[in-house]
Amino acid sequence: MMKEIHSRKFEHRVAIMLNEYSQPLGPDKAIVNQFSSFLGTLARIPSLCRIDCTDWRLLKTKEKMWSYAQKKWIIPDEGKKWVLATINGSWRRYKTIIKQKFYKPYDNDKERLLNRPKGIPEEQFKRFIEMVGSKQYKKLAIRIKRSRKKQINMHTTVQTSFACVRNELVCDFVIPEFKASYLLLKIYSIVIYNKRLMQTKNLPRQCRCLPRLAKELLPERTRNPWNIPKEKIVIMLVILLKSLVFVLLITKMYKL
Numbered sequence: 004m005m006k007e008i009h010s011r012k013f014e015h016r017v018a019i020m021l022n023e024y025s026q027p028l029g030p031d032k033a034i035v036n037q038f039s040s041f042l043g044t045l046a047r048i049p050s051l052c053r054i055d056c057t058d059w060r061l062l063k064t065k066e067k068m069w070s071y072a073q074k075k076w077i078i079p080d081e082g083k084k085w086v087l088a089t090i091n092g093s094w095r096r097y098k099t100i101i102k103q104k105f106y107k108p109y110d111n112d113k114e115r116l117l118n119r120p121k122g123i124p125e126e127q128f129k130r131f132i133e134m135v136g137s138k139q140y141k142k143l144a145i146r147i148k149r150s151r152k153k154q155i156n157m158h159t160t161v162q163t164s165f166a167c168v169r170n171e172l173v174c175d176f177v178i179p180e181f182k183a184s185y186l187l188l189k190i191y192s193i194v195i196y197n198k199r200l201m202q203t204k205n206l207p208r209q210c211r212c213l214p215r216l217a218k219e220l221l222p223e224r225t226r227n228p229w230n231i232p233k234e235k236i237v238i239m240l241v242i243l244l245k246s247l248v249f250v251l252l253i254t255k256m257y258k259l
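Each residue of the sequence shown is one higher than the one before, counting from 4 in our numbering.
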């Protein structure tokens, strides 16, 4: 559970670098992954993130989490939103794990209390059981399950954040060997910045990074130099996105 980080002295803190979107980018990917894992451990501390709370917004310990993270890392103030959002995601996943391992396998609350997870106070776990068994919570779980089924492409970068993936793509696109992909990116950016017709949630990770990547690589004047009519945007988008995805897949296979 990241004991070496939790036992780190204040003077031995490691500085975290942020990109322009206030997301961790350095000093290197290994440190960023370690930082993310550390934040995940905070979500498992019962005194900071209670599992019997239904909504992240109701937790009153966010400032304590932020303060504790700053004692172990040098984090710019701009990174606070990302830090808390990461802990929020880990907290929600942790509650799902608790539900799967310590709630569903047992038939009644008495057995669940006898087999409660170590480290979680009995009263807190008891309220968690009551919360999960309530009608309101079950309705919410069904709605979340339906929404999740609509998501086609899952997160496949493990600990690597999209900020790091986008940074790697920036490095790739400036290499001469990737001129074809860079050209497609330029055309793609012209279409995207005319009108956002595409929802990027269900695209592969490379494509999801492209809108911001285009903004980083291309100056304002190159985004729509020809004043393309909006009527032609849809047709261009379909053709160009197919080509773009094909090139990205071939590039990925070539790297492997």
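C-beta atoms are modelled at their ideal positions from N, C-alpha and C, and glycine is treated no differently.
Just tell me which of R96, K83 and N91 has its CA closest to the CA of W59. Answer by Cα proximity: N91.
Terminal residues of the continuous alpha helix (DSSP H) containing G92? Taken as a continuous stretch (DSSP letters only), the alpha helix (DSSP H) holding G92 covers K83 to F105.
Can you tell me whether Q139 is buried or exposed? The criterion is at least 16 other CB atoms within 10 Å of its CB, across all chains shown. Exposed: under 16 other Cβ atoms inside 10 Å.
Please list, in chain order, all residues of the same chain as I19 whose beta carbon is under 7 Å from its beta carbon, the five residues on each side excluded. Contacts found: P27, F38, W76, I77, I78 and G82.
Which residues DSSP lists as bridging I8, in chain order: Paired residue(s): none; I8 is not in a bridge.
Tell me, to the nearest whole angstrom, how far the beta carbon of V135 is from that of K102; I am working on the premise that it is less than 8 Å. Contact flag correct, Cβ pair sits at about 6 Å.
Reference L143, options Q127, P108, T57 and D112, closest by Cα: Ranking Q127, P108, T57 and D112 by Cα distance to L143 puts T57 first.
Mind checking who W69 pairs with in its DSSP beta bridge? Residue pairing for W69: DSSP places it in no beta bridge.
Spatial distance of F253 from K32 (CA atoms): A small fix is needed here, since residue 253 is Ile in this sequence, not Phe. If I take the Cα positions, the gap works out to 25 Å.
Determine whether the beta carbon atoms of I147 and I54 lie at a separation below 8 Å. It is not a contact, given that the beta carbons lie outside the stated cut-off.
Counting along the chain, where does the alpha helix (DSSP H) carrying L42 start and finish? Residue range K32 to L45 is occupied by the alpha helix (DSSP H) that includes L42.
Let me check understanding here. Comparing Cα to Cα, which of R95, W94 and L117 lies closest to F105? Ranking R95, W94 and L117 by Cα distance to F105 puts L117 first.
Among residues of its own chain, excluding the 5 on either side of T225, which ones have a beta-carbon nearer than 6 Å to its beta-carbon? Note that T225 has pLDDT 42, beneath the 50 cutoff, so the model's placement of it is unreliable and the number below is only indicative. Excluding positions up to five away in sequence, the list is empty.
Across which residues does DSSP place P79 in a beta bridge pair? Note: P79 sits in no beta bridge, so no partner.
Pick helix, strand or coil for G29, following the three-state DSSP scheme. G29: strand per DSSP, three-state reduction.
Where F62 sits in the DSSP three-state scheme: One detail in the question is off: residue 62 reads as Leu in this sequence, not Phe. If DSSP states are grouped into helix, strand and coil, L62 belongs with coil.
Rounded to the nearest angstrom, what separates N111 and R95 at their Cα positions? Cα to Cα, N111 sits roughly 23 Å from R95.
Let me confirm a value: I100 is counted as buried when at least 16 other C-beta atoms fall within 10 Å, else exposed. Which label applies? Flag for I100 reads exposed.
Along the alpha helix (DSSP H) that carries Y140, what are the first and last residues, could you check? First-last of the alpha helix (DSSP H) with Y140: K138 to K152.
Less than 8 Å separating the beta-carbons of Y97 and R47? For Y97 and R47, yes; Cβs fall inside 8 Å.
State the Cα-Cα distance for the pair A3 and L62, rounded to the nearest angstrom. The structure shown does not extend to residue 3, since the chain spans only 4 to 259, so no value can be given for it.
Does the Cβ of I132 have 16 or more other Cβ atoms within 10 Å, making it buried, or fewer, making it exposed? It counts as buried.
Roughly how many whole angstroms lie between the Cα atoms of R130 and K153? R130 and K153: Cα-Cα distance of roughly 31 Å.
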